[in-house]
Amino acid sequence: MLGLLAILGVLPDTDAPGLTNLTGDGGFLPKGMDGFIIGLLASVFAYGGLETVTIAAAESENPVQGVAKAVRTAMWRIAVFYIGSMAVIVTLVPWDNPKVAEVGPFYAMLDHLGIGGAAQIMNVVILIALLSAMNANIYGASRMARSLVARGQGPALLGRISSGVPRNAVLFSSVFGFLCVLLSYWRPDDVFPWLLNMIGAVILVVWIFIAVSQLILRRRTERETPEKLVVRMWLFPVLTIVALAGMAAIFLLMLRQPDTRDQLLATGALTAVLIVIGVVRQRRRRDGEAAAEIPAQRT
């Protein structure tokens, strides 16, 4: 809100910049597409966990309305709080302002507007954001662990429910999260940054599997049990195909960047190994079920 007031020239003691920072001194992309690509890859990491809102909505009293409302709310929040805030910052703050790289774009904007205590304000905002992200990721990880156990793809210990909550899965996810925090202290210069970069590629792999699953399951549901398809994505399958094409393009961009190429290749290798393990487990399960049916048919 302060940024919009400053852009309009309404905020006291500030001059409206107009479009000077977007058109002058190199324009919107002063360093070419390389800077845009790096920012795009970083934003993928920022969006990680967005799918958790639908998991939470599915556990609500009215899952049908909850899922639809959660998706709409998430899109509006991205448009306003992420894209909107970035648009305000690049309009107000020159791209070559040294504080953007030193202390971050939000702090640089508040300092540019002469807001006192900008550092303290950003510390509070960052703390709240981190706690929110940690809470959402622990919730999503614990529910996914319980789902894997229900399908026979995880240790039964993580599937135990207490008062409607998979407490063991929550505790395991929390411990794993705190171990990652400790890595930021033990190996802040090599292991932790490597994990952060790798997370972006892992998130893309998860999204690709979600999109492909939606393509397959949506058509199967329309063909076999259309009455169960109560929440429909508009412009199907065009939007899903566009999303898959966009994620494939991001993978190609990651291959161009030396900082992300190794992480992408490592993620690809890990994904291939997990796919092979999954295929082998499925075949063994089918063979076991078939072997169990033969004696039953004879009797």
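Under our numbering, the final residue of the sequence shown carries the number 308; numbering is consecutive throughout. By construction, the Cβ of each residue, glycine as well, lies at the ideal position given by its N, Cα and C atoms.
Which value, in whole angstroms, describes the spacing of the CA atoms of residue i and residue j?
i	j	result
Thr82	Phe90	12 Å
Val251	Ala66	25 Å
Pro103	Asn30	5 Å
Ile87	Ala55	11 Å
Ala150	Ala178	8 Å
Gly186	Thr32	43 Å
Ala142	Tyr194	20 Å
Arg270	Glu236	45 Å
Ile137	Gln74	28 Å
Thr249	Asn106	39 Å
Gly58	Val285	25 Å
Leu244	Ser69	26 Å
Asn71	Met95	35 Å
Thr276	Met207	7 Å
Asn132	Val112	11 Å
Gly255	Val247	12 Å
Gln291	Arg196	38 Å
Pro164	Asp43	44 Å
Ala300	Leu157	24 Å
Val288	Val190	33 Å
Val184	Phe37	43 Å
Ser172	Ala110	47 Å
Glu60	Ala257	19 Å
Leu139	Leu262	28 Å
Glu298	Ile92	51 Å
Asn144	Leu279	26 Å
Asp296	Ala79	40 Å
Leu28	Val211	37 Å
Lys108	Thr234	57 Å
What residue range is occupied by the uninterrupted alpha helix (DSSP H) comprising residue i?
i	result
Pro107	Pro107 to Val112
Ile47	Met42 to Tyr56
Phe90	Looking at the DSSP string, Phe90 is not in any alpha helix (DSSP H), and its letter there is neither H nor E.
Gly186	Arg176 to Trp195
Ser156	Ala127 to Ala159
Leu28	Leu28 -> no alpha helix (DSSP H), and no H or E assigned at all.
Thr63	Thr61 to Ala67
Arg265	Val247 to Arg265
Leu14	Leu11 to Ile16
Assuming contact is defined by CB atoms lying nearer than 8 Å, are residue i and residue j in contact in what I supplied?
i	j	result
Val62	Gly209	no
Thr100	Pro39	no
Leu273	Leu283	no
Leu192	Leu204	yes
Thr230	Leu238	yes
Leu11	Leu20	yes
Leu167	Ala159	no
Val215	Ala77	no
Ile217	Ser182	no
Ala281	Leu253	no
Report back the beta-carbon spacing between residue i and residue j to the nearest angstrom; my notes put them in contact at under 8 Å.
i	j	result
Ile259	Leu213	6 Å
Arg176	Ile64	Not quite, the Cβ-Cβ distance comes to about 17 Å (not below 8 Å), so this is no contact.
Near residue i, which residues of its chain fall below 8 Å by C-beta distance, leaving aside the five closest residues on each side in sequence?
i	result
Arg294	Gly161
Ala127	Tyr116, Leu119 and Asp120
Ile98	Gly12, Pro114, Phe115, Ala117 and Met118
Asp24	Gly18
Gln312	Residue 312 lies beyond the stretch modelled for the chain, which goes from 10 to 308, so this question has no answer here.
Ile130	Leu119 and Ile124
Met242	Gln223, Arg227, Leu248 and Thr249
In its own chain, which residues sit with a C-beta less than 7 Å from the C-beta of residue i, not counting the 5 before and 5 after it?
i	result
Asp22	Gly123
Arg227	Phe245
Leu14	Leu20
Trp85	none
Beta-carbon within less than 6 Å of residue i's beta-carbon, same chain only, minus the 5 sequence neighbours each way: which residues are those?
i	result
Leu174	Note that residue 174 corresponds to Val in the displayed sequence, not to Leu. If we look at Val174 and ignore the five residues flanking it on each side, it has no Cβ neighbours.
Asp34	none
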